[in-house]
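Below is one structure, written out as structure tokens; the observations come after it.
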Amino acid sequence: MVLNIFTDIHNLLLEYMSEEATHITELILIAAAYLGIFAILGLLLVWLERRVAGFFQLRLGPNRVGPFGLFQTIADALKLVSKELTGTVKADSQLYRIAPYFVITTALMSLALIPFSQEIQAFDINIGLFFLTSVSSIGVIGIFLAGWASNNKYSLIGGMRTGIQMISYELSVGMAIVTMVVLAGTLQISEIIELQKDGWFIFQGHIPAVIAFMIFMIAGTAESNRVPFDLVEAESELGAGFHTEYSGMNFAYYFLAEFVNMFIIASIAVVLFFGGWLSPFGITDAIPFAGLFWFTIKVIGVIFLFMWFRWTFPRFRIDQLLTLEWKYLLPINMVNIVLMALMVWLGLTL
Amino acid sequence: MSYFSDIINGTKTLITGMRITGKYFFVNLFTRKDVITQQYPDNIDTLKMFDRFRGEITLYHNENNEHKCDACTLCVSACPNGSLEVFGDKKPDPETGKNKRYLVKHIYHLEMCTMCGLCIEACPQDALEWGQDYHHVQYDRSKLTKVLNKPGSKLMSGIKG
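Here it is, written out as structure tokens:
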């Protein structure tokens, strides 16, 4: 059904334009659609976070603007749009202005690989997961540039911490993904999901898959700079960290990108461990939009887990952060990869 | 082998923490039982403050419209920002014929009060106490100045003047 709509648009465009022009127009349309998804996702997740935080802290959360307070974040975004873009006098003005776009561009590029359902995936290449990890590590540059270009001590410390934290935890995320790739035998996202028709990878790979999932969740929380790993913007120590000097929309880009990054990491977890848009036991395979529904449900489940972490655990100190990565997660991860390889070799997977 | 026991112990404590917060979340998501937020302007008619709430200073009156204040003005000297004013007078006691202090006006400036409670601690007769009224909004500042002793009230018997 979705495919029909897409082919209808394609044929409609072909009537009026040449082949190349149609191709370019379609690319622009898809880009616009993904920008829309980016904005809606960001705003929805901010609302969800605040609402969930409310219930965790025995409060209600935003519930005044619109039904269940759904329009609260839209009102906040409108406020941010209308605010002046300030900057410091001695800031490196070009880098300062470019920095937020690194973050949102990488978030958007990663978003293109997310399979929302069987039909809706903008970019499905054979090195999908590799592309995803390499693109998402460019996002560090945006945060690092922001910290450097602001010419502010707090921002600089925040930016330096990003460098330490993201580069360290990139290893764990990458190796947890490699563990699952050993099981899957492919990097293409659509194929990985197809392989899980007989059983999700977390069941197929049992013990090493569960360990990989736990490591992925810990490192993924660190990758998206969320509590308990929010040393980058540690409010109580650094003001607001790397985005201390940013205001208005430039700040909103960072804010939205953080939540979209959380969505991306949750989607990777869903793709790798919980079978992407597949329904449990294939119960709704015949219904056209069911894939989108199951994918959303699973991603919200994983995102809720992230939020549960955030409102439960206290923040790490920087040395504890590095100890956790280099002395615990990394060695466990290495053993885990060998374990997974042995299991696949001996045919012990389910 | 403290390395592995550290990992197991750490995981255990994290799960303990998550169980506690998870209980908060799901109880409040489905029942709203423990939510402590007051939807203030909506429930203005039904909202009742708890006993220990420091709303305002009141002068205790019993059912016969008698209070315990003998106008000793210790509360006035205890108040750090001068939000209390006590006016007393003397008249001869009908039984003993001696001059006895009595309270004329106990004036309370709510706009200057910080609810520190020093006057309540200072009072030797326990005449002052906390009121639970929280809705102090007024359009005019003069309305925040209140007379605490009710009209026609007199000193409770048994209180030495």
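Those sequence lines, one after another, are chains C and Y. Its first residue numbered -9, the first sequence is counted upward by one per residue in my numbering. Its first residue numbered 5, the second sequence is counted upward by one per residue in my numbering. The C-beta atom is built at its ideal place from N, Cα and C for all residues, glycine as well. Remember, it's a predicted structure, so these values are computed and weren't measured experimentally.
Whether residue i touches residue j by CB criterion (9 Å)
i: F45/C; j: L33/Y; result: yes
i: E9/C; j: N142/C; result: no
i: P57/C; j: A247/C; result: no
i: V90/Y; j: I124/Y; result: no
i: P304/C; j: P198/C; result: no
i: F203/C; j: A256/C; result: no
i: I254/C; j: L101/C; result: yes
N-terminal and C-terminal residue of the alpha helix (DSSP H) that residue i is part of
i: N32/Y; result: S6 to F34
i: T62/Y; result: Premise fails: T62/Y lies in the beta strand (DSSP E), E60 to L63, not in any alpha helix (DSSP H).
i: K288/C; result: A280 to R300
i: Y24/C; result: E9 to F46
i: G129/C; result: G129 to A139
i: E227/C; result: E225 to L228
i: K69/C; result: Q62 to V71
i: V93/C; result: S83 to L101
i: I183/C; result: I179 to L185
i: Y75/Y; result: First, the amino acid is wrong: residue 75/Y is Ala here, not Tyr. Per DSSP, A75/Y belongs to no alpha helix (DSSP H) and is neither H nor E.
i: E125/Y; result: L122 to A126
i: T123/C; result: G118 to S126
Collapsed DSSP secondary structure at residue i in the structure displayed
i: M(-9)/C; result: The predicted model places M(-9)/C with a pLDDT of 45, which falls under 50 and marks its position as unreliable; any figure quoted below should be read in that light. Coil at M(-9)/C, not helix or strand.
i: R105/Y; result: strand
i: G341/C; result: In the structure as shown, chain C starts at -9 and stops at 340, and residue 341/C therefore has no counterpart that could be examined.
i: Y112/Y; result: strand
i: E213/C; result: helix
i: W316/C; result: helix
i: K37/Y; result: coil
i: H233/C; result: helix
i: S338/C; result: What sits at residue 338/C in the sequence shown is Leu, not Ser. Three-state result, L338/C: coil.
i: E67/Y; result: coil
i: L262/C; result: helix
i: K158/Y; result: strand
i: C117/Y; result: coil
i: G195/C; result: coil
i: M53/Y; result: coil
i: T274/C; result: coil
i: L75/C; result: coil
i: A112/C; result: coil
Nearest-angstrom Cα separation, counted from residue j out to residue i
i: V36/C; j: P84/Y; result: 46 Å
i: H0/C; j: L103/C; result: 21 Å
i: K150/Y; j: G59/Y; result: 14 Å
i: G149/C; j: F232/C; result: 5 Å
i: A280/C; j: G272/C; result: 10 Å
i: T62/Y; j: E133/Y; result: 5 Å
i: V325/C; j: L177/C; result: 21 Å
i: A212/C; j: I131/C; result: 16 Å
i: M(-9)/C; j: E181/C; result: Residue confidence is low: M(-9)/C scores 45 on pLDDT, short of 50, so the model does not pin down where it sits. Its coordinate-derived value is still stated next. Their Cα atoms are separated by approximately 22 Å.
i: L228/C; j: F191/C; result: 41 Å
i: L173/C; j: L314/C; result: 26 Å
i: Q111/C; j: P105/C; result: 5 Å
i: D144/Y; j: M119/Y; result: 20 Å
i: M156/C; j: S127/C; result: 8 Å
i: K158/Y; j: K72/Y; result: 8 Å
i: M160/Y; j: P128/Y; result: 14 Å
i: I17/C; j: Q47/C; result: Per the sequence shown, the amino acid found at residue 17/C is Leu instead of Ile. L17/C and Q47/C: Cα-Cα distance of roughly 44 Å.
i: S6/Y; j: F61/C; result: 51 Å
i: I147/C; j: I94/C; result: 22 Å
i: L311/C; j: V334/C; result: 32 Å
i: N66/Y; j: H139/Y; result: 24 Å
i: N53/C; j: M99/C; result: 33 Å
i: E115/Y; j: F206/C; result: 57 Å
i: T174/Y; j: V250/C; result: The structure shown has nothing for residue 174/Y, since chain Y only spans 5 to 165.
i: F(-4)/C; j: L319/C; result: 44 Å
i: F30/Y; j: G175/C; result: 39 Å
i: F120/C; j: V163/C; result: 12 Å
i: L85/C; j: R36/Y; result: 48 Å
i: A209/C; j: E160/C; result: 8 Å
Opening and closing residue of the beta strand (DSSP E) in which residue i lies
i: L152/Y; result: It is not in any beta strand (DSSP E) - L152/Y carries neither H nor E in the DSSP assignment.
i: F91/Y; result: L88 to P96
i: G135/Y; result: L132 to G135
Mind listing which residues of the region 26 to 42 of chain Y have their C-beta closer than 9 Å to chain C's C-betas, in chain order? G26, Y28, F29, F30, V31, N32, L33, R36, D38, V39, I40 and T41
Near-chain Y residues of the region 47 to 74 of chain C - C-beta to any C-beta below 8 Å: Q47, L48, R49 and L50
Which of the residues in the region 5 to 23 of chain Y, read from start to end, lie with their CB under 9 Å from any CB of chain C? Y7, D10, I11, G14, T15, L18, G21 and M22
Taking Cβ-Cβ distances below 7 Å as the criterion, which residues of the region 293 to 306 of chain C are in contact with chain Y? W298, W301, T302 and F303
When Cβ atoms are compared, which residues of the region 189 to 200 of chain C fall closer than 9 Å to chain Y? For the region 189 to 200 of chain C, there are no residues whose beta carbon sits under 9 Å from a beta carbon of chain Y.
Anything in the region 157 to 170 of chain C with a Cβ closer than 9 Å to a Cβ of chain Y? List those residues in chain order, please. none
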